[in-house]
Amino acid sequence: MMQQLRPVELNLVDELFETSPGYVLDFTNSTFAQFFRREVGVDIYDEAYAIYGGSKGKRLRPFLTVGQPRSIA
Numbered sequence: 001m002m003q004q005l006r007p008v009e010l011n012l013v014d015e016l017f018e019t020s021p022g023y024v025l026d027f028t029n030s031t032f033a034q035f036f037r038r039e040v041g042v043d044i045y046d047e048a049y050a051i052y053g054g055s056k057g058k059r060l061r062p063f064l065t066v067g068q069p070r071s072i073a
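Under the UniProt record's numbering, the sequence shown has 39 at position 39, and the numbering climbs by one with no breaks.
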């Protein structure tokens with residue numbers, strides 16, 4: 001069974017993927033959605049991932065904390 005990511009791991013993801021202030025690498029909204037759809041099988045623009053807001057960075061964090069562990073890995 002996989003464990004949830006710890007806060008220190010989430011902070012590392014933020015640093016690695018430059019998720020502040022709402023950016024994730026050089027993804028556009030469209031390419032971000034396509035990536036998650038194709039590679040993970042997740043609609044990242046589903047309201048379930050809008051807990052903190054609608055930006056890419058604000059959607060990535062809920063995915064990492066509430067997403068299925070197999071999808072996150």
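We treat Cβ as the ideally placed atom computed from N, Cα and C, and that holds for glycine.
Legend entry - Backbone CA spacing between residue 32 and residue 8 [nearest angstrom]: 24 Å
Legend entry - Straight-line gap, residue 4 to residue 65 (C-alpha atoms, nearest Å): 7 Å
Inset, instruction - For residue 37, collect the residues of the same chain with a Cβ closer than 7 Å to its Cβ; drop the 5 residues on either side in sequence, then sort them by chain order. - result: 43
Legend entry - Span of the alpha helix (DSSP H), counted from its first residue to its last, around residue 30: In the DSSP annotation of this structure, the continuous segment of the alpha helix (DSSP H) that includes residue 30 starts and ends at 29-35.
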